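Asker:
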Amino acid sequence: MTSAEQKPPLPPFTMETAVLKTRMAEDAWNSQDPDKVKMAYTPDSVWRNRSTFLKGRDEIREFLKDKWEREQEYRLIKEVWAYTGNKIAVRFAYEFHNDQGEWFRAYGNENWEFNEHGLMAFRHASINDVPIDKSERKFFWPKGRRPDDHPSLSELGL
Numbered sequence: 002m003t004s005a006e007q008k009p010p011l012p013p014f015t016m017e018t019a020v021l022k023t024r025m026a027e028d029a030w031n032s033q034d035p036d037k038v039k040m041a042y043t044p045d046s047v048w049r050n051r052s053t054f055l056k057g058r059d060e061i062r063e064f065l066k067d068k069w070e071r072e073q074e075y076r077l078i079k080e081v082w083a084y085t086g087n088k089i090a091v092r093f094a095y096e097f098h099n100d101q102g103e104w105f106r107a108y109g110n111e112n113w114e115f116n117e118h119g120l121m122a123f124r125h126a127s128i129n130d131v132p133i134d135k136s137e138r139k140f141f142w143p144k145g146r147r148p149d150d151h152p153s154l155s156e157l158g159l
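Letter by letter, the sequence shown follows residues 2 to 159 in this note's numbering.
#1: Do you know how far the Cα of E80 is from the Cα of H98?
#2: Can you look up F14 in the DSSP assignment and give me helix, strand or coil?
#3: What did DSSP end up calling S155 once you bin it into helix, strand or coil?
#4: Count the other CB atoms within 10 Å of the CB of R62; is the residue buried (16 or more) or exposed (fewer)?
#5: Would R71 be called buried (16 or more neighbouring beta carbons within 10 Å of its own) or exposed?
#6: Whose C-beta lies closer than 7 Å to the C-beta of L55 among residues of the same chain, with five residues either side of it excluded?
#7: With I78 and L154 assumed to form a contact (beta carbons below 8 Å), what rounded beta-carbon distance in angstroms separates them?
#8: Judging by CA-CA distance, which residue of W30, A107 and R92 is the nearest neighbour of K66?
#9: Write down the C-beta distance between K144 and L157 rounded to the nearest angstrom, noting that I regard them as a contact closer than 8 Å.
#10: If you draw a straight line from the alpha carbon of E103 to that of I133, how long is it in whole angstroms?
#11: Starting from the Cα of S46, find the closest Cα among Q101, N116, N87 and K135 and give me that residue.
#12: Taking C-alpha atoms, which residue in I128, N87, P13 and D59 lies nearest to F105?
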């Protein structure tokens, strides 16, 4: 394995490194670049995303490409829920609209397991979409990384 295939911070995680790993994942997903995002996962990573089951970077890439074509103006916030050893549990919310201009806020939980190189080997995600009015949106930054001074999920009461 090359150094390019390592994704610090590496397990075992502390609260500080779990928070950093979570923010790095949030930043990558907010980039909406499936080629970038897929590289945080092992080549044979196993996913459950809602009722979709995926294996490997190629399937992850195609899934994310399709996701971000459907979910327009996607903005995501993640927050550490718990961590131990090589595992991190997060809660998250994201906002998006569909082709018809209908807005949603998705709420979810993810369980992550990493290999010794800091690549995610398993991702289990449970997600619920809630229709919202455009006036109920809370995530208002330009596409890309959430600004450091933007409120967290807890600060937003989500």
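Note that CB positions come from ideal geometry on N, CA and C, so glycine has one too. For clarity, every value in this text was computed on a predicted model and none was experimentally measured.
Answerer: With the given structure in hand:
#1: One C-alpha to the other measures close to 22 Å.
#2: If DSSP states are grouped into helix, strand and coil, F14 belongs with coil.
#3: The three-state secondary structure of S155, taken from DSSP, is helix.
#4: With 16 or more Cβ atoms within 10 Å of its Cβ, R62 is classed as buried.
#5: Exposed: under 16 other Cβ atoms inside 10 Å.
#6: Sequence-distant Cβ neighbours of L55 in its own chain, meaning closer than 7 Å and more than five residues away, are W48, I61 and F64.
#7: So it is a contact: roughly 5 Å between Cβ atoms.
#8: Answer by Cα proximity: W30.
#9: K144 to L157, Cβ: 19 Å. No contact.
#10: Distance between the alpha carbons of E103 and I133 is about 8 Å.
#11: Of Q101, N116, N87 and K135, the residue nearest in Cα terms is N116.
#12: For the options I128, N87, P13 and D59, the alpha carbon positioned closest to that of F105 is the one of I128.
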